[in-house]
Each structure stands twice: as C-alpha cells, then as structure tokens.
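Peer 1:
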Amino acid sequence: MPRTSAVECPGCPPIRALAFDVLGLVKVVEAHGKQESPKVVEIWGEPDSSRCVLAASIDDRKTDPLVAVARKNGLIEVLNPLNGDLRVAITKAGDAGHLPEDDNIAGLYLFKRKRLDLSSSTKWNPRASVIFLITKFGSCTLLTCTTKGSASLRSFDITDSPADSTYTDSPRTWNVCASGEILCSKVDGNEDYALFGGKGVEINVWDLEKCSKIWTAKSPPKNSLGIFTASWFTSATFLCKEDHRKIVVGTNNHQVRLYDISAQRRPIISFDFRESPIKVVTEDLDGYTIYLGTGSGDLASVDMRTGKLLGCFMGKCSGSIRSITRHSELSVIASCGLDSYLRYWDIKTRQLLAAVFLKQHLTSVVIDSNFADKVDPPPNEAQKVIQTQVGKEDASLPSKRQNFFKESGHSKKLKHKSKSKKRVIDEDDIAS
1 MPRTSAVECP GCPPIRALAF DVLGLVKVVE AHGKQESPKV VEIWGEPDSS
51 RCVLAASIDD RKTDPLVAVA RKNGLIEVLN PLNGDLRVAI TKAGDAGHLP
101 EDDNIAGLYL FKRKRLDLSS STKWNPRASV IFLITKFGSC TLLTCTTKGS
151 ASLRSFDITD SPADSTYTDS PRTWNVCASG EILCSKVDGN EDYALFGGKG
201 VEINVWDLEK CSKIWTAKSP PKNSLGIFTA SWFTSATFLC KEDHRKIVVG
251 TNNHQVRLYD ISAQRRPIIS FDFRESPIKV VTEDLDGYTI YLGTGSGDLA
301 SVDMRTGKLL GCFMGKCSGS IRSITRHSEL SVIASCGLDS YLRYWDIKTR
351 QLLAAVFLKQ HLTSVVIDSN FADKVDPPPN EAQKVIQTQV GKEDASLPSK
401 RQNFFKESGH SKKLKHKSKS KKRVIDEDDI AS
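All letters in the sequence shown, in the order written, are residues 1 to 432 by full-length UniProt numbering.
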C-alpha cells in the first residue's frame, strides 16, 4: 500500500499557488485564512498529454505579473497568472528551426523586468539597455535550454494579440554541452549567470551577457574499489541569490554537493541523503539553507555551511517530489510531485500546514507572493462595522424589552378591569 500521511493540518496563511500537471492543466489553488483549507478555484486549459508542462517560471511583480510555461510539444506560453490570459506564444518551429521530438525543453527562466534609469549609469551596459527596453515597451526575456544542450536567450514585445508578438532583437543561441543530456538549469538572483548540468554533463556556469563559459566542475575521483561513477545531476541551484559562486546540486546517486567556483572545481562538501535520487533542490532566503526532495517522497532541510541535516518535514509523501518553491515573505514552502498532492509546509516547525489533492501527476508549482495584498480587507474597517452592528443590537434590546413589558402590563390592567366589571354585573343580577 502507498504511504500516506495521517497528520492533522492546522491550515495555512492566505496564499495562492499555480500547479502544473502532466495533462497540461494549470490549477489555481487559494487559501484565504488559517481556518480555511486551500481549494482549487480555477483550472486553465484542456487536458492533453502532448501539452504536458515540463518547466515553469514566474515574475510575480505587483503590476503586470507574468508566468512562462514550457510544454512537451515544444510550445512556450507566457500567461497572466491572475486570469490565465495568453500574452505570448512561441511555436515549436521558431527562429532556431524545428525542434526534434527527443529534444524537449529542460530549463526555462523568465527574467524579472526591473526599472533602471540609463541616465544614472556612467557606463553603457548592453544588458541594462535590454532591461530598460523591457520596461518601456512591455517586453520580456526568456532563457530556454533543451535536453541536448541548445540554449537560447530571446526578448520579445508583449502585445494585445499573442500572434502579433515580435522579437525585439535576434535570439542568441549557443550549446552548453557536446554530449549527454541536460536535466537541470538555474539563473542566479542578479540574472547575470546561469548553470547547466545533467546526465553525463558536468555542472558548468555561463556568463549570460557574453554567452561564454566561465567554470566547469571536475568529475570526482574513483572510489576505493577503483570504480568511476559517471556524473548524473538531477537538480541544481545557487545557494545565495546574490552570490553566484556557491552552487548546490543533487545527483541521481542520492548525493548532495556544494561547489565553490572561486575555490576549486571539485565539491567542497558532499554527503549522501537516504537512498533515492535527489529530484529537486531549492534555496532559502537566508543564503545557507536548502530544501531537497527525493524520488521516494522525502523532504528535508539542510544547513550547507556544515552539511548538517536540520530535519525532515513531518507528514510523509507517497510519491516522488518534483518541485519545491519558497514564499518570498511567509515562512512557507510548497511542494508537489507524482502523488498528485500540493502541500504547504511551515519551514520553522517543518509541519504540514495543508494538502490539496489535484488528481493528476504534478510537475511544477509557483507561488504568487502578492496574493495577501489582494485578498486582505482594509485594516480595522471590518472590525469597526461588526462592533457598530453589535452596539446597535445591544442598545436596541432593552428598549424593545421595555416596550414589550409595558404593552403586556397595560393589557393585563385592561383584562383586570374587564373582569371587575363582569363581577359587578353578576352581583347586580343576583341581587335583582
């Protein structure tokens, strides 16, 4: 029998997440308070296995947010995460040519559109000018990488009609590997560097401005028996968003490694975790904690300064974990996987806050970090209304009761007088 969790869920704070599954559906899950469990409020798309979501990336800014989705058929869509409207669609046969069936998209990143003033910069930066154009003309930039190592960096305008979307400049393409299979990629917090790795591909870091490789990891030595284990990286991330020099990776051989590209090419910390492949690694905001998920459903947090296991999250998952995302403000992470559950966890107590069954195998999840600002009512207004209503009811109750008793007392007096009159009449009749 599959392992299930029997832990009571206390509920989670107001949060909104978008979950993507193998049938290409986008399911919007919202929770509006601690007392209310998360629920599916919207489902976008039609079920189609050829539209399976392989990767997703979100730019959850407060104004005009976007979410990019890469599908199995080679289509890349940029959606509005608030209502699911299609903003940009990149077909399978783009400027780079026809995409083979066995060359799916392995990595996708939607660049954050920052507002920069060119006049304040004394040195012209081509990358800064691209970001300025993105804000001015309503454009966005995407970085994609296929399993065969074909990376592409392209910018395009966002128009009212997705069919009218045009590239702002010619896409820049390059190959990140000559052989092997790319399985993971990541962009640092400053959006200047990207890393790639996979099966038979060592972790390598690229400068996105120059499209040049700046560092490549070195294969570990043979073990005591003289057996060499080929590289098989399944997940990777930057340990700190502001520092691209420290990289944490997970392997198919249930190993977690920490690389420092400024120190050496081999890992400075390496340890085994359980006995299942590491499927996903996500960094925390503190710059030294990571969250990792395995193929057997184990979810844990590790302090990468020492490699110490901080603890495993309570509430066993029954399937492989494929995606973990951290809320930018709340102490909450969301995870999903092949057991079709979307789960919310408290990172401090490592307890399960809520779980939602979404029917299909899930491949990715993103969080709308600005959802709390949209659903919270203005402070103290609701309480004032309730207090005024209660005060009115309390003030009106005594007067109603007094009127009721006065009326009832008056009616009693009338009844008493009528009875006395009857008695007088009866006595007169008897006397006569």
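Just so you know, even glycine gets a beta-carbon here, dropped at the ideal spot from N, CA and C. Quick caveat: nothing in here was measured; it's all calculated off a predicted structure.
Take Val41 as the anchor and find which of Asp103, Ser57, Arg16 has the nearest alpha-carbon.
Peer 2: The option with the nearest alpha carbon to Val41 is Arg16.
Peer 1: Going straight from the alpha carbon of Tyr341 to that of Ala56, what length do you get?
Peer 2: Spanning the two alpha carbons is a distance of roughly 18 Å.
Peer 1: Of the residues Ser179, Gly197, Leu330, His254, which one's Cα is nearest the Cα of Leu285?
Peer 2: Leu285 has its Cα closest to that of Leu330, out of Ser179, Gly197, Leu330, His254.
Peer 1: Please confirm whether Val53 and Gly84 have their CB atoms less than 8 Å apart.
Peer 2: In this structure, Gly84 does not lie closer than 8 Å to Val53 by Cβ.
Peer 1: Assign Phe405 to buried or exposed, taking buried as 16 or more other Cβ atoms, counted over all protein chains shown, within 10 Å of its Cβ.
Peer 2: Below a pLDDT of 50, predicted positions are generally treated as unreliable, and Phe405, at 45, falls in that range; no measurement from the model is reported.
Peer 1: Use the C-beta contact count for residue 460: other C-beta atoms within 10 angstroms, 16 or more gives buried, fewer gives exposed.
Peer 2: The chain is shown from 1 up to 432; residue 460 falls before or after that span and cannot be answered.
Peer 1: Leaving aside the five residues before and after Pro65 along the sequence, list all residues of the same chain whose C-beta is less than 8 Å from its C-beta, in chain order.
Peer 2: Here the set comprises Ile58, Asp59, Asn80, Pro81, Leu82, Asp368, Asn370.
Peer 1: Have a look at Thr63 and Lys112 and give me their C-alpha separation to the nearest angstrom.
Peer 2: Taking the straight line joining both Cα atoms gives about 12 Å.
Peer 1: So within the region 166 to 245, which uninterrupted beta strand (DSSP E) runs reach at least 3 residues, ignoring any that extend past its ends?
Peer 2: With a minimum length of 3 residues, the continuous beta strand (DSSP E) runs that stay inside the region 166 to 245 are 172 to 175, 181 to 187, 193 to 199, 201 to 207, 212 to 216, 233 to 240.
Peer 1: Mark Phe228 as exposed unless 16 or more other C-beta atoms lie within 10 angstroms of its C-beta, in which case mark it buried.
Peer 2: Flag for Phe228 reads exposed.
Peer 1: Alpha carbons only, please: which of Ile347, Ile324, Ala354, Gly287 is nearest the one belonging to Val365?
Peer 2: When each option's Cα is compared against that of Val365, the closest is Ile324.
Peer 1: So for Phe273, helix, strand or coil by DSSP?
Peer 2: The answer is coil: DSSP assigns Phe273 none of H, G, I, E or B.
Peer 1: Would you give the residue range spanned by the beta strand (DSSP E) that Tyr288 belongs to?
Peer 2: Looking at the DSSP string, Tyr288 is not in any beta strand (DSSP E), and its letter there is neither H nor E.
Peer 1: Kindly indicate which three-state DSSP category Ser155 falls into: helix, strand or coil?
Peer 2: If DSSP states are grouped into helix, strand and coil, Ser155 belongs with the strands.
Peer 1: Please name the residue in Lys279, Ser37, Gly45 whose C-alpha comes closest to that of Thr237.
Peer 2: Of the candidates Lys279, Ser37, Gly45, the one whose C-alpha sits nearest the C-alpha of Thr237 is Lys279.
Peer 1: Just curious, the beta strand (DSSP E) that Asp59 is in, first and last residue?
Peer 2: Run containing Asp59: 53 to 59, per the beta strand (DSSP E) assignment.
Peer 1: Please check the pair Gly297 and Asp339, which I expect to be a contact at CB under 8 Å, by giving their CB distance rounded to whole angstroms.
Peer 2: Going by Cβ atoms, the distance from Gly297 to Asp339 rounds to 7 Å, so yes, they are a contact pair.
Peer 1: Taking 8 Å as the limit between beta carbons, can you name the residues of its chain near Arg172, skipping five residues before and five after?
Peer 2: Here the set comprises Ser152, Leu153, Arg154, Cys211.
Peer 1: Which residue wins for smallest C-alpha separation from Gly295, given the options Gly107, Gly74, Gly250?
Peer 2: Gly295 has its Cα closest to that of Gly250, out of Gly107, Gly74, Gly250.
Peer 1: Taking Cβ positions, are Val26 and Val356 nearer each other than 8 Å?
Peer 2: Cβ atoms of Val26 and Val356: not closer than 8 Å.
Peer 1: What is the DSSP secondary structure of Ser50, counted as helix, strand or coil?
Peer 2: Here Ser50 sits in helix by DSSP.
Peer 1: Pick from Ile261, Leu110, Ser276, Pro38: whose alpha carbon is nearest that of Ala68?
Peer 2: Among Ile261, Leu110, Ser276, Pro38, the Cα nearest to that of Ala68 belongs to Leu110.
Peer 1: Return yes when the Cβ of Val22 is within less than 8 Å of the Cβ of Thr363, no when it is not.
Peer 2: Yes, the pair counts as a contact, with Cβ atoms nearer than the cut-off.
Peer 1: Leaving out the 5 sequence neighbours to the left and right, which residues in its chain are closer than 6 Å to Lys148 when beta-carbon positions are compared?
Peer 2: The residues are Asp103.
Peer 1: Secondary structure at Phe357, three-state DSSP: helix, strand or coil?
Peer 2: Of the three classes helix, strand and coil, the one that applies to Phe357 here is strand, per DSSP.
Peer 1: Beta strand (DSSP E) containing Lys308: first to last residue?
Peer 2: Lys308 -> beta strand (DSSP E) spans 308 to 312.
Peer 1: For Leu108, which of Thr141, Leu18, Asn190 has the nearest alpha-carbon?
Peer 2: For Leu108, the nearest C-alpha among the options comes from Thr141.
Peer 1: Can you list, in chain order, the residues of its chain whose CB lies under 6 Å from that of Trp44, leaving out five sequence neighbours each side?
Peer 2: Counting only Cβ-Cβ distances below 6 Å, and skipping sequence neighbours, we find Val26, Gly84.
Peer 1: Count the other CB atoms within 10 Å of the CB of Leu18; is the residue buried (16 or more) or exposed (fewer)?
Peer 2: Label assigned to Leu18: buried.
Peer 1: Give me the DSSP bridge partner(s) of Ile105.
Peer 2: Answer is Thr146, bridged to Ile105.
Peer 1: Thinking Ser219 and Glu202 are a contact (beta carbons under 8 Å), I'd like their distance in whole angstroms, please.
Peer 2: Indeed, because the Cβ distance is near 7 Å, the residues count as touching under 8 Å.
Peer 1: Could you tell me if Asp188 is buried or exposed, where buried requires 16 or more neighbouring beta carbons within 10 angstroms of its beta carbon?
Peer 2: With 16 or more Cβ atoms within 10 Å of its Cβ, Asp188 is classed as buried.
Peer 1: Out of Asn252, Ser270, Ile182, point me to the one whose CA is closest to Tyr259's CA.
Peer 2: The candidate whose alpha carbon is nearest that of Tyr259 is Ser270.
Peer 1: Indicate whether Pro14 and Ala354 have their beta-carbon atoms separated by less than 8 Å.
Peer 2: Contact: no.
Peer 1: How is Phe111 classed by DSSP in three states: helix, strand or coil?
Peer 2: In the structure shown, Phe111 sits in coil (DSSP, three-state: anything other than H, G, I, E or B).
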